[in-house]
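Quick note, my numbering runs 570 ahead of the 1-based positions in the sequence shown. C-beta: ideal position from N, C-alpha, C; glycine also.
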Amino acid sequence: ARDNTVRNSTGHVGVWLKSLTPGLRVSLAVDDGAATERGLLRDVVADGEWRLYEWDLDDAAQWENWFNGNGVIDADTFTLDSLQVYGASGDATLWIDAIAHNAYGSLGPAIPEPVAGTTAATAVAIAIMASRRKRLRAA
């Protein structure tokens, strides 16, 4: 069996996931030394869209004791213990894209989604205009 990757206890950890199942909550648990801390539960938005759920390792208000811990990520390093999903009294479907750590800050996109969409729309419009110019020249 392989050991978990040891990471520095700075920055953010999170998971990208989507679901259509209402009433789900998600958390990540991390081992920091001999203790296991769990991020506070986040409500999963049941809209089928990819969303990031993340926790700041440096913010004690985002963590609680899970096993033998103190609710604070206070060791120099950590490893991922588990992804925890709660809710739904029956079957639930959840798609997971990635669980990640960024030692330098948020895992969120560098360009906010509405701006990224505008940029993509602009690129498509430029490509269409270039294509029309080529057709006009050929005629």
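Would you decide whether glycine 675 is buried or exposed? Buried here means 16 or more other CB atoms lie within 10 Å of its CB.
-> Within the sequence shown, numbered from 1, the residue matching residue 675 stands at position 105. The Cβ neighbour count for glycine 675, taken over all protein chains shown within 10 Å, is under 16; the residue is labelled exposed.
Taking the C-alpha atoms as reference points, what is the distance between tryptophan 586 and serine 597?
-> Taking the sequence shown and counting its residues from 1, one reaches residue 586 at position 16. Taking the sequence shown and counting its residues from 1, one reaches residue 597 at position 27. About 12 Å.
Near valine 614, which residues of its chain fall below 6 Å by C-beta distance, leaving aside the five closest residues on each side in sequence?
-> Translated into the one-based positions of the sequence shown, residue 614 becomes position 44. Setting aside the 5 residues that flank it on each side, valine 614 is surrounded in the same chain by Ser589, Leu594, Val596, each with a C-beta closer than 6 Å to its C-beta; the list follows chain order.
Contact the stretch 601–609 vs the stretch 632–646: 3+ CB pairs below 8 Å = With three or more CB-CB distances shorter than 8 Å, the stretch 601–609 counts as touching the stretch 632–646.
Nearest-angstrom Cα separation, counted from alanine 662 out to valine 600 = The residue given as residue 600 occupies position 30 in the sequence shown. The residue given as residue 662 occupies position 92 in the sequence shown. The alpha-carbon atoms of valine 600 and alanine 662 are separated by roughly 24 Å.
Considering only C-alpha positions, which residue in the set Gly584, Thr580, Asn672, Asn578 is nearest to serine 652?
-> Numbered from its first residue, the sequence shown carries residue 652 at position 82. The shortest Cα separation from serine 652 among Gly584, Thr580, Asn672, Asn578 belongs to Gly584.
Spatial distance of valine 576 from threonine 649 (CA atoms) = For the purposes of this step, residue 576 is taken as residue 6 along the sequence shown, with counting starting at 1. For the purposes of this step, residue 649 is taken as residue 79 along the sequence shown, with counting starting at 1. Between valine 576 and threonine 649, the C-alpha separation is close to 5 Å.
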